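**Q** A single structure is presented below for examination.
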Amino acid sequence: MLELSGAGFHYRGRDWVFRDVSFLVPAGSVTAVLGPNGRGKTTLIRCAAGLATPQEGSVTRVSQVGFVPQAHGVGFAYTALDMVVMGRARHVRLLGTPSRADRRAALEAMERVGVAHLGARTFPTLSGGEQQLVLIARAIASGCPTLTLDEPTAGLDLHNQAQVLSLLRSLAAGGITVLLTTHHPDHAMFLADHVVLMMGVADVRAGRAADLLTDSSLSELYGVEVRTVSYPAMGGEQRAIITRYDEAGRAIRCVKPQP
Amino acid sequence: MSQATSTEAASRWSARSWVPILATSAVLVAAMVTALSIGRYSVPFSSVVQTLGSHILPIKAPASETQQNVVWLVRFPRVLLAVLVGGGLGVAGAALQAIFRNPLVSPDIIGVSSGASFGGALALLLGLGSWYLVGGAFVFGLTALVILLLVTLGPEGAPMLMVVLGGVVTGSFFSALVALTTYVADPYTTLPAIVFWLLGSLATATFAQVAVAVAPIGVGTVALLLVRWRINVLSLGDEDASALGVRPGRIRWLVLVSAALIVAGAVAVSGVIGWVGLVIPHLARMWVGPDHRVMLPVSFLLGAAYLVAVDTLARTLTAGEIPLGVLTALIGAPVFFLLLRRNRDRVWDSA
């Protein structure tokens, strides 16, 4: 469980990024944070994960919170396995090195995410999708019951997006609490029980996904016309997105199954 | 994969990491025995081993007294000092590269050696003893390091250009202070002492000097080896380290102070010996990868073996003695150029 109440944050000497943000991420549920570029999604999720401290309000973390950054393919060329083992840092003593149990936990996390075969490859040589999955495995290996993910599907192709989405869904089904940011309203529709819409600095709305992911609120959020249409050919349980761009700046059509 | 296979893979992975450490240890021992054996007065390997044995075990060495004196009193302190200085500079360079997240960092490039040499020169100028030499080198070496860190380090690590430029500035600032020290030094007494010391040499090695060097270099090296896995986590960057539950501040200070201690100890007994802290970690990383659990000990052993070998060359190549600092620079600069050229497109990934 994770709760923000009245949280507000600004970088030193700058204006507020957001103020008066309150929402609750119940245990074992998925919450998605949506908002345009630069509205402060990453800052909000970093506050939730404890990587930044809000200047006002409070963040309550009942359990340890893992954070999955966006894939960043630079750095020393550790193997994927070494990267995931580093997820065990909380469990390794200050002067210690990972034990056999830590390595086993890392390997199990990699199996769970489906990247066990990449263990010996070096991290910078992995594709963006593989890197993202390895970073998720690293957070799982940490054993944190709550995971926060910063745009886990950014820069991934459709197949990898689908893989990450289904992985997050199975994690939530397994009792892990998930908080993520995303630029894809359809991903939020697929995954999230709750959503947080960052409309403006002092206007951050939170609520049930079914209530908040409406045409009008999404249109307001992104400043383009968004229409949710049913698409019977996909079948009742299928979800997909059809995007059409036109000269008038209308961009998105989300397709949602009929209730 | 089943549980059993996971366990097997996990243990296989840990066993493999000992191979390079043992291999480099063997290379170091071979280099030490060779260095003890060759020189203007050549001593056979067997006598070297017997002499060393006679000082460790209660046995009588059949080697002649001259041979024993050459090996034990003349060459052995010098070889030990080369091991300490070379190993220390290698492991300090490796740890600094991880902390700055930048493979171009080394104690001499980022100005720590200049800072330390100013501290040492100041101690010599004031006619203070060898512990003040270490102390002065430590204080000003750490000062140079902290200045550079404050100027260059951002949330994304220290950009390569900033570190190199910042190091050049810090280095030349302290070089100017060293020049000032030599300018005001007494030209008959303290000036020659400062100048010969700055050139970088192990020629005056004694067991007393080994005793001076072993404390700071030993403490610094042990501290770095103790946090070797934490250094891995820190080398991912502050953001990642925090996300993994590791507070970067404490470990970074520990590493910086340890590196400054090592460099201070090395500079105090041997002056400025450049390039070891840059080239050795590069070679080690190319060979065993970036995992500091293996890479730090290998950097120490490789640096030690390298300096023992180069110091042996320094005293045997010509009739006179080539200053060690000059020789390591003459070897190190071209080697580093080759490394850079080989990796110019992927300094980060492969280095």
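Sequences listed follow chains Z and C, in order. In our numbering, each number is its position in the first sequence, counted from 1, plus 1304. In our numbering, each number is its position in the second sequence, counted from 1, plus 1. Where a beta carbon is used, it is the ideal one built from N, C-alpha and C, also for glycine. Predicted, not measured: the structure shown is a model, and the values here were computed from it.
Counting only beta-carbon atoms, is residue 1419 of chain Z nearer than 8 Å to chain C?
**A** Your numbering for residue 1419 of chain Z matches position 115 in the first sequence. For residue 1419 of chain Z, the answer is no, since every Cβ of chain C falls outside 8 Å of its Cβ.
**Q** Check distances from the C-beta atoms of the stretch 216-244 of chain C to those of chain Z and list, in chain order, the residues that come in under 9 Å.
**A** 227, 228, 229, 230, 231, 233, 234, 236, 237, 238, 240, 241, 242, 243 and 244
**Q** Please list, in chain order, the chain C residues whose beta carbon lies closer than 9 Å to that of residue 1382 of chain Z.
**A** In the first sequence, residue 1382 of chain Z corresponds to position 78, counting from 1. Within chain C, the residues near residue 1382 of chain Z are 233, 236, 237, 290, 291 and 292.
**Q** Between residue 247 of chain C and chain Z, is the shortest Cβ-Cβ distance under 8 Å, so that the two count as touching?
**A** Within the second sequence, numbered from 1, the residue matching residue 247 of chain C stands at position 246. Answer yes: the Cβ-Cβ gap between residue 247 of chain C and chain Z drops below 8 Å somewhere.
**Q** Report back the beta-carbon spacing between residue 278 of chain C and residue 107 of chain C to the nearest angstrom; my notes put them in contact at under 8 Å.
**A** Looking up residue 278 of chain C in the second sequence gives position 277. Looking up residue 107 of chain C in the second sequence gives position 106. At roughly 4 Å, the Cβ-Cβ gap stays under 8 Å, so residue 278 of chain C and residue 107 of chain C are in contact.
**Q** For residue 1565 of chain Z, name the three-state secondary structure that DSSP assigns.
**A** One cannot answer for residue 1565 of chain Z here, as it falls past the ends of chain Z, which runs 1305 to 1563.
**Q** Does any residue of chain Z bring its CB to less than 8 Å from the CB of residue 102 of chain C?
**A** For the purposes of this step, residue 102 of chain C is taken as residue 101 along the second sequence, with counting starting at 1. Yes - at least one Cβ of chain Z is within 8 Å of the one on residue 102 of chain C.
**Q** Hey, does residue 1472 of chain Z have any beta-carbon neighbour from chain C nearer than 8 Å?
**A** Against the first sequence, residue 1472 of chain Z aligns to sequence position 168. Output row for residue 1472 of chain Z: interface = no.
**Q** Would you call residue 1541 of chain Z buried or exposed, if buried means 16 or more other Cβ atoms sit within 10 Å of its Cβ?
**A** By one-based count along the first sequence, residue 1541 of chain Z stands at place 237. Caution applies to residue 1541 of chain Z, whose pLDDT of 48 falls short of 50 and renders its modelled position unreliable; the value that the coordinates give is listed next. Taking every protein chain shown into account, the CB of residue 1541 of chain Z has fewer than 16 other CB atoms within 10 angstroms, so this residue is exposed.
**Q** Going by C-alpha to C-alpha distance, which of C:243, C:322 and C:304 sits closest to residue 267 of chain C?
**A** Here the question's residue 267 of chain C lines up with position 266 in the second sequence. The residue with the shortest Cα to Cα distance from residue 267 of chain C is C:304.
**Q** Using a Cβ cut-off of 8 Å (strictly closer), state whether residue 1396 of chain Z contacts chain C.
**A** For this step, residue 1396 of chain Z is matched to residue 92 along the first sequence. Taking CB atoms only, residue 1396 of chain Z has a neighbour in chain C less than 8 Å away.
**Q** Report, in whole angstroms, the separation of the C-beta atoms of residue 199 of chain C and residue 122 of chain C, which I expect to be a contact under 8 Å.
**A** Residue numbering aside, residue 199 of chain C sits at position 198 when the second sequence is read from its first letter. Residue numbering aside, residue 122 of chain C sits at position 121 when the second sequence is read from its first letter. With a contact defined as Cβ atoms closer than 8 Å, residue 199 of chain C and residue 122 of chain C qualify at about 7 Å.
**Q** Check residue 1460 of chain Z in the structure and name its three-state DSSP category.
**A** Translated into the one-based positions of the first sequence, residue 1460 of chain Z becomes position 156. Coil, per DSSP.
**Q** By Cβ distance below 8 Å, which residues in the same chain neighbour residue 82 of chain C in space, the five residues on each side in sequence not counted?
**A** As a first step, residue 82 of chain C must be located in the second sequence, where it is residue number 81. If we look at residue 82 of chain C and ignore the five residues flanking it on each side, its Cβ neighbours are 203, 206, 210, 211, 214, 270 and 271.
**Q** Given residue 120 of chain C, which residues of its chain have a CB within under 6 Å of its CB, disregarding the five upstream and five downstream residues?
**A** One-based indexing of the second sequence puts residue 120 of chain C at position 119. 137, 138, 140 and 141.
**Q** Could you say which of Z:1423, Z:1456 and Z:1372 lies nearest to residue 1433 of chain Z if we only look at CA atoms?
**A** In the first sequence, residue 1433 of chain Z corresponds to position 129, counting from 1. Out of Z:1423, Z:1456 and Z:1372, the CA that lies nearest to the CA of residue 1433 of chain Z is found in Z:1456.
**Q** Name, please, each residue of chain C whose Cβ falls closer than 7 Å to the Cβ of residue 1479 of chain Z.
**A** Counting from 1 along the first sequence, the entry for residue 1479 of chain Z is found at position 175. Near residue 1479 of chain Z there are no residues of chain C at all, since even the closest Cβ is about 21 Å away, more than 7 Å.
**Q** Mind checking if residue 1371 of chain Z is an interface residue toward chain C, Cβ cutoff 8 Å exclusive?
**A** By one-based count along the first sequence, residue 1371 of chain Z stands at place 67. Yes, contact with chain C.
**Q** Between the stretch 68-82 of chain C and the stretch 40-60 of chain C, are three or more C-beta pairs nearer than 8 Å?
**A** yes
**Q** Among the residues of its own chain, which have a CB less than 6 Å from the CB of residue 1339 of chain Z, if the five just before and after it don't count?
**A** What you label residue 1339 of chain Z is simply residue 35 of the first sequence in a count that begins at 1. The answer, listed in chain order, is 1345 and 1502.
**Q** Could you have a look at residue 276 of chain C and say whether DSSP puts it in helix, strand or coil?
**A** Looking up residue 276 of chain C in the second sequence gives position 275. In the three-state DSSP reduction, residue 276 of chain C falls in the coil class, being neither helix nor strand.
**Q** From residue 1308 of chain Z to residue 1365 of chain Z, what distance separates their C-alpha atoms?
**A** The residue you call residue 1308 of chain Z lines up with position 4 of the first sequence. The residue you call residue 1365 of chain Z lines up with position 61 of the first sequence. When the Cα atoms are used, residue 1308 of chain Z and residue 1365 of chain Z turn out to be separated by approximately 9 Å.
**Q** Per DSSP, what kind of secondary structure is residue 1307 of chain Z in: helix, strand or coil?
**A** Sequence index remark: in the first sequence, residue 1307 of chain Z carries index 3 (1-based). Three-state DSSP puts residue 1307 of chain Z in a strand.
**Q** Taking residue 301 of chain C and residue 92 of chain C to be in contact with their CB atoms under 8 Å, please state how far apart those CB atoms are, rounded to whole angstroms.
**A** As a working note, residue 301 of chain C is residue 300 in the second sequence. As a working note, residue 92 of chain C is residue 91 in the second sequence. Confirmed, about 4 Å.
**Q** Which residue marks the beginning of the beta strand (DSSP E) containing residue 1566 of chain Z, and which one marks its end?
**A** Shown here, chain Z extends from 1305 to 1563; a query on residue 1566 of chain Z therefore has no answer.
**Q** For the putative contact between residue 1331 of chain Z and residue 1481 of chain Z, defined by C-beta atoms under 8 Å, what is the C-beta separation to the nearest angstrom?
**A** The count along the first sequence starts at 1 and reaches residue 1331 of chain Z at position 27. The count along the first sequence starts at 1 and reaches residue 1481 of chain Z at position 177. Indeed, because the Cβ distance is near 5 Å, the residues count as touching under 8 Å.
**Q** From the DSSP output, which residues share a beta bridge with residue 1502 of chain Z?
**A** Numbered from its first residue, the first sequence carries residue 1502 of chain Z at position 198. Residue 1502 of chain Z pairs with Z:1508.
**Q** Between residue 1402 of chain Z and chain C, is there a C-beta pair that is closer than 8 Å?
**A** Locating residue 1402 of chain Z in the first sequence gives position 98, where the first residue counts as 1. Chain C contact via Cβ: present.
**Q** For a test of the three-state rule: what should DSSP assign to residue 1531 of chain Z, helix, strand or coil?
**A** As a working note, residue 1531 of chain Z is residue 227 in the first sequence. Here residue 1531 of chain Z sits in strand by DSSP.
**Q** Report the rounded CA-to-CA distance for residue 67 of chain C versus residue 39 of chain C, giving the unit in angstroms.
**A** For the purposes of this step, residue 67 of chain C is taken as the residue at position 66 of the second sequence. For the purposes of this step, residue 39 of chain C is taken as the residue at position 38 of the second sequence. Their backbone Cα atoms lie some 14 Å apart in a straight line.
**Q** Note down, in chain order, each residue of its chain lying with its Cβ closer than 8 Å to the Cβ of residue 1506 of chain Z, except the 5 sequence neighbours on either side.
**A** As a working note, residue 1506 of chain Z is residue 202 in the first sequence. Closer than 8 Å at the Cβ level, and outside the excluded window around residue 1506 of chain Z, lie 1320, 1322, 1323 and 1324.
**Q** Using beta carbons (cut-off 8 Å, strictly below), is residue 1331 of chain Z in contact with chain C?
**A** Taking the first sequence and counting its residues from 1, one reaches residue 1331 of chain Z at position 27. The beta-carbon of residue 1331 of chain Z is placed no less than 8 Å from the nearest beta-carbon of chain C.
**Q** If residue 32 of chain C sits next to residue 306 of chain C, beta carbons under 8 Å apart, how far is it from one beta carbon to the other, in whole angstroms?
**A** Position 31 of the second sequence, counted from the first residue, corresponds to residue 32 of chain C. Position 305 of the second sequence, counted from the first residue, corresponds to residue 306 of chain C. Approximately 4 Å separates the beta-carbon atoms of residue 32 of chain C and residue 306 of chain C; this is inside 8 Å, confirming the contact.
**Q** Determine the chain C residues that contact residue 1386 of chain Z at a beta-carbon separation under 8 Å, and present them in chain order.
**A** Here residue 1386 of chain Z refers to the residue found at position 82 of the first sequence. Within chain C, the residues near residue 1386 of chain Z are 233 and 292.
**Q** Taking 8 Å as the cut-off, decide whether the C-beta atoms of residue 105 of chain C and residue 185 of chain C are in contact.
**A** Counting from 1 along the second sequence, the entry for residue 105 of chain C is found at position 104. Counting from 1 along the second sequence, the entry for residue 185 of chain C is found at position 184. No, the pair does not count as a contact, with Cβ atoms beyond the cut-off.
**Q** Using three-state DSSP, classify residue 343 of chain C as helix, strand or coil.
**A** In the second sequence, the residue the question calls residue 343 of chain C occupies position 342. In the structure shown, residue 343 of chain C sits in a helix (DSSP, three-state: H, G or I).
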